[in-house]
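Engineer: One structure, as structure tokens, below. Some questions next.
Residue numbers (the numbering used here), protein chains in the order written: chain A, 312 to 1464; chain B, 48 to 157.
Here it is, written out as structure tokens:
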């Protein structure tokens, strides 16, 4: 900018050689500081350094260039004709521009200058002579006044400009189709509790309806949007239109940020967020009007919200509800809200010509390569456009394709054509592009060149591109569905719906008449389903059901959804929630469930977070959880070269993708704290930096939530005065930064014809010089030193730390486990296969570390035994893939987390969750393993109980003894876990074949026949009953002993082992006994549970713990005794668990004899 | 449905019908302390700037007292505010420069 000014001055000097003129121009610049002091103080209209100030100096220069000549003339004329006024109205006859200005300045030194026309200019100036005396050497009185007039002209100019902006704004509003319905809408909302407004794209409903309601006197208006980005842009737009752009009367609130204040009257927020607010404000009392926009899109949260709001209307007679929808399926909504008036508003679309152009079926090629998309028809349409429409008629092209592979095919072919014709710029658009790359589609093509955006359905609703004249619609979409059986997401190509085809078409008619080429026949169109399948039919319902239960909705299965999801999906989700410990068997929310419902993440990830907080390894767990809850920072761009791959390699962890994400974040923190440009760093590695910022924000949110629930120790900092002041300063600074940033929001650029996607060096440089608002914001809101310290600490994680972390992650991810195929060693890297319980022949994603280094998973002779892959989700595209995999030790993971663990008689075989079989070499190993597992699982459960179930009593939780007890238990468990993970057990592992399931279990039938005696022995023992279907004995909720059918050879040994009693001393209670395997298991189970956990008796518990070590065996047995009522002999005893067994056996023996 | 107290009064231009809620009428807008207006004007906060400042919507014609907006097609300011029809009735009172201004506007309007 500075350079420009100088250049123009030189230019000016050349043209006007007069010394006098030249001086004048130089004068202003040279006296800038004096002038600043006089006219641009903080109390003045134009403040130094503000945008207006900068604009003024530009204005001044232009003004000088144009008005110099006139100025001289005027000066000479002014003298003879001043003071003369017109006869009737008393107007000055000699014209001066200043008479046309209705404003005067109250500058400090010219405070008296309120009436230029009547007071002599010289006199005024002399009155302030003293003050400005020190400038008079440089600045003459005339100059001073001259400058002041120019400033006034500028102010007047700005007023005119701003007023026409205001007029245009009002005119644009009045021109919207919806403006004719204003009264009708306001009246309808006044007279009805629920109103439906249906209008097509461009009718203005999203921006205008909230304003109409505000101006009609409604306040506290909430407007929900399905997308976060829309909340921000709508708040900005509506703020601008209500002349409140810089106030907070119109605000937004999304997952990470909010601009809301007490003065906010219109709030744009996401559907999901409004649902979350229900947990703390069940009647949404903070709002008096709720506007639900885009209801026709039928997102799961929107559907749920409608159900909740329908109920809420009855509870709150004062609540107003406005549904806004496209003109799609209106009867569905009006049927759901009976009696709600429907106001239909025509859209403002220009006519769009539809041409059906189904590609000619070429049998030879299509039958052979039906998988791959043939780009020819798409290029042909580009040729047709070139042919038919003159290139000086503007209008860009938007192509809708189903997925990334298809986009790549078309982009490549189109680029080839563009190279020849030199009339096209081709841009891809899909969600895995970086934000910067996505923004390119908003740039404009140079004259004579058209922009061709090749997009997924992201451009159908989420991203609106102006200037599109031609649509090319493939008619296909890739849609995610959820296979509840395999618990797998499936991305498949479908024909779109008619509604969707119309929406795509409409994208061409926003700014002028358009053409829509449909690459399918009209018959195809007629065969399309009318509406797009609502999301609720396609996604897992775990989160939404958990939320429903948390909101106190009792009959989940009968919830009045506008279109209920399949009952089996509901059942499946309820089952999952029970498995995760979020719901009890009676479908009541557990304390863990309560917490999970409040975490803004998937149930699985939430569970990981909670377990992480129990074990105090919360930092890395939060980072991983955050990484899994945002889009992956690893972008997939076509043609990433080997440089990117090699730069990414150091981030890769051989433990798996979850650790790679952790590494990437930690390295990013390191780069940031060392002051290097993290933006550059990310760019080189093909990482999307925005995701790291999102992760940081999400992690902070986790911290706050966990701290709120006392699951995280309070932040250890002293809240002194200075600290608080600094915090305040930071916040103020941030606010200022954001405001500045908003004004310099991304400017549309001109696209270049031969722009290579990978270079763009110029642009990059430009970006580097710009201040990075996100970086500043990050540094202001985070304690970078602390984060860096954490990152450094994590770099030196031992294998032990990593293993503990893995176990914690597994506790949430279980049962998402896959076993490598037995024949993987003989297969190529790209053909490695894995099997989960419900889905076979899975592969790891090509970006995963295991895709490139499959040897990490192979059996070795070292202590690393069988390894399994745990994964976050399954995704089927062309093949089924494991997403975000991590390797874990098989035996330990399975035994620790199995929902069912079935054994044979001598504990040498275990069947895990009915699909994997672990074989151990001998009974001794089996005993050792089972005893460790029992102990760990009981301790684990006790710790969880301590942390979650009894934490309702907050003072209790914070008490020192209680905390110490928890910490002791935690470190004890962590040690034991590490010990267990390190334990070197030789075993073999295999998948059970489907054919084996028939002969797997003894089953109840066989048991009644052969083992009558055995069954009779345990008819009443609590928790030790025979398993109803598998046979054997249920030792606890997961362990079933002796229910496996052994092979004939093994059977004898196993059967014998079952009855052999051995001398054994329980490590826990020190009791010596002669027991069979079963008795031993049962004793262990009971003995583990004996540990007193009664918080009311903590003193006694401590005492007994201290006596425990020294006391004789007898007293410890006494402690284990508890009341037992025998149903057979109708007598009350005080027994240990083993004594109970003995007692029961005595009855059994008596009955058989 | 009740009108809230916060609702601001409306300024309507009698010539073009432009409507906007105004925040202040007079010469010294409280939110723009460093200026003084040379007429009683209808004023709002400058809605297009994050800083304080004012925006004049219109004033009253000094001859016929009708509310008139500042659009150049509705009124002029020449030491006082005149609506266009009053200017036309009194053309002889205005200097040539103003006549030229008006002619220019007429040309651009048609």
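Ideal Cβ placement from N, Cα and C applies to all residues, glycine included. All values reported here derive from a predicted model rather than from experimental measurement.
Do residue 514(A) and residue 537(A) have their C-beta atoms within less than 8 angstroms of each other?
Structural biologist: Going by C-beta atoms, residue 514(A) is not nearer than 8 angstroms to residue 537(A).
Engineer: What residues of chain B sit near residue 557(A), judged by a beta carbon separation below 7 angstroms?
Structural biologist: Within chain B, the residues near residue 557(A) are 97.
Engineer: With respect to the alpha helix (DSSP H) encompassing residue 719(A), which residues constitute its N-terminal and C-terminal limits?
Structural biologist: 715 to 732 is the extent of the alpha helix (DSSP H) around residue 719(A).
Engineer: Does the beta carbon of residue 465(A) come closer than 8 angstroms to any beta carbon on chain B?
Structural biologist: No, residue 465(A) lies away from the interface with chain B (no Cβ there is under 8 angstroms from its Cβ).
Engineer: Looking only at its chain, what residues have a beta carbon closer than 7 angstroms to the beta carbon of residue 854(A), apart from the 5 residues adjacent to it on each side?
Structural biologist: Counting only Cβ-Cβ distances below 7 angstroms, and skipping sequence neighbours, we find 913 and 914.
Engineer: If you reduce the DSSP assignment to three classes, tell me which class residue 639(A) lands in.
Structural biologist: Residue state, collapsed to three classes: coil.
Engineer: Taking 8 angstroms as the CB-CB limit, is residue 1160(A) close to chain B?
Structural biologist: With 8 angstroms as the cut-off, residue 1160(A) does not count as an interface residue toward chain B.
Engineer: In or out: residue 138(B) buried (at least 16 other Cβ within 10 Å) or exposed?
Structural biologist: Answer is exposed; the Cβ neighbour count stays below 16.
Engineer: Rounded to whole angstroms, what's the CA-CA distance from residue 794(A) to residue 1372(A)? Just pull it up for me.
Structural biologist: If I take the Cα positions, the gap works out to 49 angstroms.
Engineer: Output the residue ranges of the beta strand (DSSP E) runs that lie fully inside the region 576 to 652 of chain A and measure 3 residues or longer, sorted by chain position.
Structural biologist: Those beta strand (DSSP E) runs which fall completely within the region 576 to 652 of chain A and span 3+ residues are 577 to 581, 600 to 603 and 631 to 636.
Engineer: Can you grab the Cα-Cα spacing for the pair residue 126(B) / residue 70(B), in whole Å?
Structural biologist: Their backbone Cα atoms lie some 24 angstroms apart in a straight line.
Engineer: Go ahead and label residue 676(A) buried or exposed: buried means 16 or more other beta carbons lie within 10 angstroms of its beta carbon, across all protein chains shown.
Structural biologist: Note that residue 676(A) scores 47 on pLDDT, short of 50, meaning its location in the model is unreliable and no value can be drawn from it.
Engineer: In chain order, which alpha helix (DSSP H) runs of at least 4 residues are fully inside the region 1184 to 1233 of chain A?
Structural biologist: Entirely contained in the region 1184 to 1233 of chain A, the alpha helix (DSSP H) runs reaching 4 residues are, in chain order, 1201 to 1208.
Engineer: Which residue or residues does DSSP assign as beta-bridge partners of residue 807(A)?
Structural biologist: Bridge partners of residue 807(A): none, in fact.
Engineer: Between which residues of its own chain and residue 1387(A) is the CB-CB distance below 7 angstroms, once the five residues before and five after are set aside?
Structural biologist: Excluding sequence neighbours, residue 1387(A) sits near 1369, 1370, 1371 and 1372.
Engineer: Could you give the DSSP three-state label for residue 862(A): helix, strand or coil?
Structural biologist: Of the three classes helix, strand and coil, the one that applies to residue 862(A) here is coil, per DSSP.
Engineer: Who are the neighbours of residue 73(B) on chain A, taking C-beta pairs under 9 angstroms?
Structural biologist: Going along chain A, no residue has its Cβ under 9 angstroms from residue 73(B), so there is no contact; the nearest lies around 13 angstroms.
Engineer: Tell me the rounded alpha-carbon separation between residue 917(A) and residue 1441(A).
Structural biologist: Taking the straight line from one Cα to the other gives about 48 angstroms.
Engineer: When the Cα of residue 1083(A) is compared with those of 1094(A), 1061(A) and 991(A), which residue comes out closest?
Structural biologist: It is 991(A) whose Cα lies nearest to the Cα of residue 1083(A).
Engineer: Check the DSSP bridge columns for residue 782(A) and list the partner residues they point to.
Structural biologist: The partner list for residue 782(A) (beta bridge, DSSP) reads 709(A) and 827(A).
Engineer: Examine the Cβ distances between the region 706 to 724 of chain A and the region 970 to 987 of chain A and report whether three or more of them are shorter than 8 angstroms.
Structural biologist: No, the region 706 to 724 of chain A does not touch the region 970 to 987 of chain A.
Engineer: Mind checking whether residue 149(B) and residue 473(A) have CB atoms under 8 angstroms apart?
Structural biologist: It is not a contact, given that the beta carbons lie outside the stated cut-off.
Engineer: Return the Cβ separation of residue 806(A) and residue 839(A) in integer angstroms, given the expectation that the two are a contact with Cβ distance under 8 angstroms.
Structural biologist: Sure, about 6 angstroms apart at Cβ, within 8 angstroms.
Engineer: If we call anything under 8 angstroms between Cβ atoms a contact, is residue 847(A) one with residue 614(A)?
Structural biologist: Taking 8 angstroms as the Cβ cut-off, residue 847(A) and residue 614(A) qualify as a contacting pair.
Engineer: With a cut-off of 8 angstroms, does the C-beta of residue 137(B) fall near any C-beta of chain A?
Structural biologist: Chain A, which has a Cβ nearer than 8 angstroms to the Cβ of residue 137(B), makes this yes.
Engineer: For residue 529(A), report the span of its beta strand (DSSP E) as first-last.
Structural biologist: Careful: residue 529(A) lies outside any beta strand (DSSP E) and carries neither H nor E.
Engineer: How big is the Cα-Cα spacing for residue 966(A) and residue 1134(A)?
Structural biologist: Computed Cα separation, rounded: 21 angstroms.
Engineer: In chain order, what residues of the same chain lie with their CB nearer than 7 angstroms to the CB of residue 1111(A), ignoring the 5 residues before and after it?
Structural biologist: 1289, listed in sequence order.
Engineer: Could you please give the first and the last residue of the uninterrupted beta strand (DSSP E) stretch that includes residue 128(B)?
Structural biologist: From DSSP, the beta strand (DSSP E) with residue 128(B) extends over 128 to 130.
Engineer: Which first and last residues belong to the beta strand (DSSP E) in which residue 105(B) is found?
Structural biologist: That run of the beta strand (DSSP E) goes 101 to 107.
Engineer: Taking the straight line between their C-alpha atoms, what separation do you get for residue 143(B) and residue 121(B)?
Structural biologist: Taking the straight line from one Cα to the other gives about 19 angstroms.
Engineer: Counting along the chain, where does the alpha helix (DSSP H) carrying residue 1137(A) start and finish?
Structural biologist: No alpha helix (DSSP H) holds residue 1137(A); DSSP gives it neither H nor E.
Engineer: CA-CA distance, residue 1166(A) and residue 1159(A)?
Structural biologist: For residue 1166(A) and residue 1159(A), the distance between alpha carbons rounds to 13 angstroms.
Engineer: With a threshold of 8 angstroms between beta-carbons, can residue 91(B) be considered close to chain A, or not?
Structural biologist: Residue 91(B) counts as touching chain A.
Engineer: Locate the beta strand (DSSP E) running through residue 791(A), then write down its first and last residues.
Structural biologist: Note, residue 791(A): beta strand (DSSP E), 787 to 794.
Engineer: Distance cutoff 8 angstroms, beta carbons only. Does residue 734(A) sit that close to anything in chain B?
Structural biologist: Closer than 8 angstroms: no.
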